[in-house]
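Heads up: the structure comes next, in structure tokens.
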Amino acid sequence: MNRFLFTRAILSGSISLCALLLLAGAMPQVDTWECDPYGYRPKKANPAGCEWEYDTGWYSQREVLLSSSDTAKSSAWEAVTNCGCGWYPHNVPCPTCQPDTISPAVTDTGTWNVTVAKAKQEGLSLKFNLMADVGYTASLTASEQQSLTGTHTETTTIVLVRQKILCFDRFYRTIWTERFRKKKRYADWTFRWLEWCNNNPATATTETSCSQLLAIGSFKWTTYPQFQWAPQKPPCGGVAISYPDPWDGKRETPCCADVCTPPPSPAHPCCGCEAIH
Amino acid sequence: MNAKKTVRTCLIAGLVCSTVGAILAYGWQPVHSRNEPASSVRAGASRERHERKATAIAKMHAGDHAAARAEFQRMIEQPASLTDAVDGRRMMAMSFRSAGETAAAGEYLAQALAALDTAPLPAETAAAMRALILMDQADLAAFGENDAAGAIRLYDAARAAAPSAKDADTAARNAAILSADLGQYGEASLRVDALLASSEAKGMPTDELLPLLSSQASWFASAGNLDEAARHYLSLWDAHHNTDNAYVAFAGAQCVAWYPPQTHCEPKIALARGVLGMVDRLRLAAAKVDASDQGLIASAEQTVATSLVNAAGCADAALVEEAQGRLRRR
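As given, the protein sequences belong to chains A and B, one line each in that order.
Going by the working numbering, the first residue of the first sequence is number 37, and it counts up by one from there.
Going by the working numbering, the first residue of the second sequence is number 3, and it counts up by one from there.
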């Protein structure tokens, strides 16, 4: 029984040794980059008796800016309805248009997404490079610094005094900038081959190349928003609706027909205070 | 007796396995014999040089700069090929740049150029090396030193010297985008037009072309020229709306937002439906979409949905409700 156990121990030891050695064989000793010149032999044919011999190779690493944009973004419009719609002659007090104040919490967000083909270090380097490109300076946490995909958000509050006005519905929205940058980093090997004929160097040379993607990624910085009010429109002295329209076609809305085109005196517009016309 | 036999068998098996494992682990490396042809000896030496360099590069990328620099220094001090003295300095610069030491990187690139001037290289090889060093200098200025103006000048020089269309394309593209970074939107756009008209752009893959076109359109908007921005975005959408792509969706979304519902209701709604359809298809095919473009897809959806909510009256109630749902889900 004991002898059997002994034999089994030796057997499993040998098998383990085999497995370990085979595993070591399967793993490359040093992680050399995949481009091997002999995998990229010249396709150009040689004269009889001649052949291409690999001479030397050059490695280069490039960053390609794929996209870079600043885009104005906006939320949906919110209405601030008029504080009175009617004609108020001088002997009738005008309505008082009381403002109210809102202070919503808003965010400033950095979002990154990097894919690496090889070393994580390359991806992290690309991420910080992208952050510098867009001018993003927020302090990332330790785990955010080490992540290839993530979001960093900072929050604050902004204040808006919503002033109602007579005769017009007003509209406001938040606007912000979305700064987007995308780039990739790749490496190229250029292999130089010399022609040898009957064991003598000839003058012909040729080059082959191999390219590897190291990392690709983007960074999107969504800035803190600001408030924007829609303008008036003609004939109320505002901006005509055009294409393309920066306010998405939104304008202050008169509460009745002839606020801005009043009939001749002594008639009066449908809305307004006589004292202030 | 049997146990002894078993032990002996196991030991022999272990020895065989060890030998096989060692061969697999260290590779089959035949020793050059006296009878070996000279070409094999040369090939062996070239391969050994390549492997030493490739190993040093792998170490550099893994952050082991000391080991990498030892090999690059050896190339400088004991050159095994005509290009080693130049290339060793260039690689040294790459290691320093990778480690964030941009001043040292710049110094080594300057040394590489100086060494190139005196190296007895064939003209063709010297030209190729010069183009590589110029591109390295431009990349260093752009991404190491944040000197966009200097980088643009260097990219222009590199582009003129670049023997490969790929490097020329990269130089032209980077110079255009850096011009936009400097607020020179007009020049940036002209550079894109020149690139697209050049021979280098003929083989530009879609995943490089569409981001460039989208960026160019955005620069007009940044410069306050919404008319041109809208024209470029619309032309991008029109030309590529059959290709599901984040940049095409983004371009379409910008056009949707700029169509005033009072005067352009019909095209606004048609385009909005087209863009949202593309957004949904891109989401379904998420595995095929570059992860770094997901943010753009979300952005396109937000723009269109917001614009539809704002366009109540032009957009029907069901569409506005769908748009509100999309905004709520974000």
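Where a beta carbon is used, it is the ideal one built from N, C-alpha and C, also for glycine.
Could you give the DSSP three-state label for residue 185(B): helix, strand or coil? Here residue 185(B) sits in coil by DSSP.
Between which residues of its own chain and residue 122(A) is the CB-CB distance below 7 Å, once the five residues before and five after are set aside? Only 307 meet the Cβ criterion.
Distance, Cα to Cα, residue 179(B) vs residue 117(A)? Each residue's Cα considered, the two are about 44 Å apart.
Out of 111(A), 80(A), 72(A), which one is the CA nearest neighbour of residue 263(A)? Comparing alpha carbon positions, the residue from 111(A), 80(A), 72(A) closest to residue 263(A) is 111(A).
Given that residue 263(A) touches chain B, what residues does it touch there, using C-beta distances under 7 Å? Residues of chain B passing the Cβ test: none, with the nearest at roughly 15 Å.
Same chain, Cβ closer than 7 Å to residue 252(B), neighbours up to 5 away in sequence not counted: Only 216, 298, 301, 302 meet the Cβ criterion.
Apart from the five residues on each side of it in sequence, which residues of its chain come closer than 7 Å, Cβ to Cβ, to residue 108(A)? So the list reads 211, 213, once near-sequence residues are dropped.
So with Cβ pairs under 7 Å, would you call residue 52(B) a contact of chain A? So yes, residue 52(B) belongs to the interface.
Distance, residue 63(B) Cα to residue 42(B) Cα: Cα to Cα, residue 42(B) sits roughly 31 Å from residue 63(B).
Using a Cβ-Cβ cut-off of 6 Å (strictly less than) and excluding sequence neighbours within five positions of residue 89(A), which residues of its own chain qualify? Counting only residues of its own chain and dropping the five nearest sequence neighbours on each side, residue 89(A) has a CB closer than 6 Å to the CB of 230, 232.
Could you check which residue in 149(A), 174(A), 91(A) has the C-alpha nearest to that of residue 237(A)? Residue 91(A) is the option with its Cα nearest to residue 237(A).
According to DSSP, is residue 149(A) part of a helix, a strand, or is it coil? Reduced to three states, the DSSP call for residue 149(A) is strand.
Buried or exposed: residue 270(B), going by 16 or more other Cβ atoms within 10 Å of its Cβ? Flag for residue 270(B) reads buried.
So residue 221(B) and residue 280(A) are in contact, right, with Cβ under 8 Å, and what is the actual spacing, rounded? Approximately 15 Å separates the beta-carbon atoms of residue 221(B) and residue 280(A); this is outside 8 Å, ruling out the contact.
Relative to the alpha-carbon of residue 135(A), which residue among 124(A), 126(A), 119(A), 125(A) has its alpha-carbon at the smallest distance? Among 124(A), 126(A), 119(A), 125(A), the Cα nearest to that of residue 135(A) belongs to 119(A).
What does the alpha-carbon distance come out to for the pair residue 45(B) and residue 52(B)? The straight-line gap from Cα to Cα measures roughly 10 Å.
For the beta strand (DSSP E) holding residue 290(B), just list the boundary residues, first then last. Per DSSP, residue 290(B) is not a residue of any beta strand (DSSP E), being assigned neither H nor E.
Can we say the segment 91-101 of chain B touches the segment 130-145 of chain B, given the rule of at least three CB pairs closer than 8 Å? Yes, the segment 91-101 of chain B touches the segment 130-145 of chain B.
For the putative contact between residue 59(B) and residue 69(B), defined by C-beta atoms under 8 Å, what is the C-beta separation to the nearest angstrom? In fact, because the Cβ distance is near 11 Å, the residues do not count as touching under 8 Å.
Would you tell me roughly how many angstroms separate the C-alpha atoms of residue 165(A) and residue 230(B), rounded to the nearest one? Residue 165(A) and residue 230(B) have their C-alpha atoms some 31 Å from each other.
Going residue by residue through the segment 175-246 of chain A, where are the continuous alpha helix (DSSP H) segments of at least 4 residues, counting only ones entirely within it? Positions of the alpha helix (DSSP H) runs, each at least 4 residues long and wholly inside the segment 175-246 of chain A, are given as 178-181 in order along the chain.
Which residue wins for smallest C-alpha separation from residue 252(A), given the options 82(A), 78(A), 163(A)? Minimum Cα distance to residue 252(A) is reached at 163(A).
Pop quiz: residue 114(A) and residue 209(A) are said to be a contact at Cβ under 8 Å. What is the actual Cβ separation, rounded to whole angstroms? Taking C-beta atoms under 8 Å as the contact rule, residue 114(A) and residue 209(A) qualify, at a distance of about 7 Å.
Please report the distance separating the alpha-carbon of residue 298(A) from that of residue 268(A). Those two C-alpha atoms are separated by around 16 Å.
Inter-residue Cα distance where the pair is residue 81(B) and residue 205(B): Straight-line spacing of the CA atoms in residue 81(B) and residue 205(B) works out to 37 Å.
Measure the Cβ-Cβ separation of residue 65(B) and residue 104(B) and say whether it is below 7 Å. No, they are not a contact pair.
Report the rounded CA-to-CA distance for residue 66(A) versus residue 187(A), giving the unit in angstroms. At residue 66(A), the pLDDT of 41 sits below 50, so the modelled position is not reliable and the matter cannot be decided from this model.
Out of curiosity, what's the CA-to-CA distance linking residue 294(B) and residue 286(A)? Spanning the alpha carbons of residue 294(B) and residue 286(A) requires a straight line of approximately 33 Å.
For residue 80(A), which three-state DSSP category applies? Correct three-state label for residue 80(A): coil.
So for residue 172(A), helix, strand or coil by DSSP? Residue 172(A) falls in the coil class under three-state DSSP.
Using a Cβ cut-off of 7 Å, pull out every chain B residue sitting near residue 97(A), in sequence order please. Those within 7 Å of residue 97(A) in chain B are 96.
If you run the structure through DSSP and keep just helix, strand and coil, what is residue 99(A)? Under the three-state reduction of DSSP output, residue 99(A) falls in the strand class.
Starting from residue 222(B), trace the alpha helix (DSSP H) both ways and give me its first and last residue. Segment 208-224, the alpha helix (DSSP H) holding residue 222(B).
Does any residue of chain A bring its CB to less than 7 Å from the CB of residue 2(B)? In the structure displayed, chain B extends from 3 to 332; residue 2(B) sits before or after that span and is not available.
Three-way DSSP call (helix, strand, coil) for residue 239(B) in this model: Residue 239(B) sits in a helix when the DSSP states are folded into three classes.
Run through DSSP, which three-state label would residue 277(A) get? Of the three classes helix, strand and coil, the one that applies to residue 277(A) here is coil, per DSSP.
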